[in-house]
Amino acid sequence: MLESKASNRNPFPIKQLKQIILDSRRELLRFDFVMNYFKNKFQNLENKYDFDKSRYITSAFVLNVYQGALHEYKDFMPYIELDFEDTKFNAPNNYDTYLKRLYGDYMTLPH
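In this text, residue positions in the sequence shown follow this note's numbering: the first is 82, and each later residue adds one.
So, in structure tokens, the structure goes:
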């Protein structure tokens with residue numbers, strides 16, 4: 082007959098849920114602001130120089146901390162099409178030079 086008051090309690094009080102939602106929204110907006118800031122910075126840099134007249138090119142997002150990140154334009158452009166199994170892929174014009182700069186003797190398996 083007597084029900085416990087605790088059994089009727091919501092495990093997530095509305096006030097706490099609202100705070101979690103507000104905090105999450107605030108973090109997402111901050112992240113969005115930061116991403117837009119850097120996107121605009123990169124676009125401004127892209128527009129500052131003529132890609133087709135550049136002697137060297139690089140990527141803004143390099144995983145190996147600039148190891149082999151600077152390349153001569155002629156080694157990349159124009160792209161060439163390579164066949165792999167039954168699919169064609171774009172590759173740098175001088176892909177052998179590119180791969181050697183990044184990996185050394187990339188055709189030999191490591192010991």
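Glycine included, every Cβ here is placed at the ideal spot set by N, Cα and C.
F119 is not a Cβ neighbour of I138, given a cutoff of 8 Å.
If you draw a straight line from the Cα of N175 to the Cα of K155, it is about 8 Å long. Annotated three-state conformation of L151 is coil, per DSSP. Straight-line measurement puts the Cα of R111 at about 14 Å from the Cα of I102. Following the DSSP letters along the chain, one finds E127 in no beta strand (DSSP E) but inside the alpha helix (DSSP H) bounded by residues 95 to 129.
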